[in-house]
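Here is the structure we will look at, set down as structure tokens.
Residue numbers (this note's numbering): 25 to 312.
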């Protein structure tokens with residue numbers, strides 16, 4: 025019978041490409057780890073590695089074994105993640121990861137079907153995109169919300185769902201801008217607060233003003249939408265941002281939408297990975 029401990033040691037070594045690093049990772053002696061690999065090769069009747077100096081290179085049989093090992097241990101991680109969620113009292117929790125700079129208003133709007141009832145529980149974690157995707161791929165999260173498309177060549181199992189698009193506008197104070205104004209004139213003459221690079225909004229804004237030959241007077245660059253909202257309230261000039269970021273301020277009349285930027289949009293995405301037992305609310309949220 026296949027020894028799954030031996031298979032896991034092989035899997036670790038194959039991904040590390042080096043016995044020393046793999047031995048440190050699993051806290052056993054290098055010689056003991058080598059013996060585990062040898063035992064697995066004897067069981068399969070095939071060499072799994074060729075040794076080139078200090079580097080281990082997979083043989084053809086090794087690549088076949090690694091494909092199966094990847095599937096086996098991914099299924100194990102998925103099982104653990106699913107059981108962890110099922111062990112939550114009363115309801116199965118939906119574990120959401122959100123890019124730290126993402127608009128809080130958008131997050132609330134997206135999750136409203138969950139938050140408006142006590143039939144479901146939701147756990148929301150903020151963080152950097154790489155960390156969140158790693159947690160998603162290892163089944164510690166059910167879905168990741170972002171306005172940035174990840175480099176999918178490094179995340180082949182990740183599915184990107186476009187869930188919303190929001191126009192980008194020029195936002196100001198009603199006492200200074202009681203009526204809509206010409207957007208090109210505003211960008212040429214007024215001081216601006218803008219999203220910081222490398223956000224997609226900033227890239228599109230830079231391209232827009234460059235096409236028009238405008239050199240905008242930027243007084244602040246902010247990489248966090250929550251902070252951008254506060255700066256927009258405090259700054260007496262104008263801010264470039266999606267209206268959803270300042271939804272409450274617009275509804276209360278604290279700020280006004282002075283103009284829309286033609287062709288500029290922020291796109292919001294939900295990232296998922298294939299799962300045998302996906303949380304049932306994922307489909308509801310994505311279809312909503």
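Glycine is no exception: its CB is placed at the ideal position from the N, C-alpha and C atoms.
Identify which residue in the options has its Cα closest to the Cα of residue i.
i: residue 291; options: 237, 208, 184; result: 184
i: residue 24; options: 83, 66, 70; result: Any question about residue 24 goes unanswered here, given that the chain covers just 25 to 312.
i: residue 187; options: 130, 240, 214; result: 130
i: residue 224; options: 198, 74, 310, 288; result: 288
i: residue 276; options: 66, 286, 257; result: 257
i: residue 300; options: 310, 202, 101; result: 101
i: residue 170; options: 197, 248, 302; result: 248
i: residue 64; options: 76, 48, 50, 93; result: 93
i: residue 161; options: 25, 53, 98; result: 98
i: residue 126; options: 75, 39, 270, 195; result: 270
i: residue 214; options: 274, 240, 149, 244; result: 240
i: residue 260; options: 76, 236, 66, 195; result: 195
i: residue 278; options: 201, 231, 54; result: 201
i: residue 286; options: 232, 244, 297; result: 232
i: residue 272; options: 91, 49, 234, 132; result: 132
Within its chain, find whatever has a CB closer than 7 Å to the CB of residue i; leave out the 5 residues flanking it on each side and keep chain order.
i: residue 242; result: 216, 218
i: residue 151; result: 121, 124
i: residue 58; result: 43
i: residue 199; result: none
i: residue 204; result: 282, 283
i: residue 159; result: 121, 165
Examine the ligand GTP and report whether any of its heavy atoms sits within less than 7 Å of the Cβ of residue i.
i: residue 151; result: This structure does not include the ligand GTP; it has no bound ligands of any sort.
Mapping DSSP to helix, strand and coil, what is residue i?
i: residue 297; result: coil
i: residue 243; result: strand
i: residue 304; result: helix
i: residue 121; result: strand
i: residue 148; result: strand
i: residue 252; result: helix
i: residue 114; result: Low local confidence applies: a pLDDT of 48 at residue 114 is under 50, so the model's placement there is unreliable, with the coordinate-based value given in what follows. In this structure, residue 114 counts as coil in the three-state DSSP scheme.
i: residue 79; result: strand
i: residue 105; result: helix
i: residue 141; result: coil
i: residue 286; result: strand
i: residue 278; result: coil
i: residue 222; result: coil
i: residue 236; result: helix
i: residue 361; result: With the chain covering 25 to 312 only, the question about residue 361 has no answer from this structure.
i: residue 227; result: helix
i: residue 63; result: helix
i: residue 164; result: coil
i: residue 31; result: helix
i: residue 153; result: helix
Whole-angstrom Cβ separation of residue i and residue j, contact assumed at under 8 Å?
i: residue 31; j: residue 46; result: Residue 31 to residue 46, Cβ: 13 Å. No contact.
i: residue 262; j: residue 282; result: 7 Å
i: residue 266; j: residue 190; result: 4 Å
i: residue 140; j: residue 284; result: Incorrect: roughly 30 Å between the Cβ atoms, too far for contact.
i: residue 153; j: residue 119; result: Not really, about 16 Å apart at Cβ, beyond 8 Å.
i: residue 104; j: residue 163; result: 7 Å
i: residue 89; j: residue 68; result: 7 Å
i: residue 229; j: residue 268; result: Actually they are not in contact, since the Cβ atoms of residue 229 and residue 268 sit about 17 Å apart, beyond 8 Å.
i: residue 85; j: residue 71; result: 7 Å
i: residue 128; j: residue 250; result: 6 Å
i: residue 134; j: residue 309; result: 7 Å
Please return the same chain residues whose Cβ sits closer than 8 Å to the Cβ of residue i, not counting the five positions on each side in sequence.
i: residue 157; result: 168, 174, 179, 182, 295
i: residue 29; result: 60
i: residue 246; result: 217, 218, 219, 220, 252, 255
i: residue 238; result: 208, 211, 212
i: residue 79; result: 41, 42
i: residue 305; result: 118, 137, 138, 144
i: residue 54; result: 43, 44, 47
i: residue 206; result: 283
With a threshold of 6 Å on Cβ separation, who are the neighbours of residue i within its own chain once the five nearest residues in sequence on each side are excluded?
i: residue 114; result: Bear in mind that the predicted position of residue 114 carries a pLDDT of just 48, short of 50, making it too unreliable to give a figure here.
i: residue 106; result: 301
i: residue 149; result: 121
i: residue 52; result: none
i: residue 303; result: 118, 166
Give, in chain order, every unbroken run of the alpha helix (DSSP H) that is at least 4 residues long and sits entirely within the region 167-217.
-> 207-213
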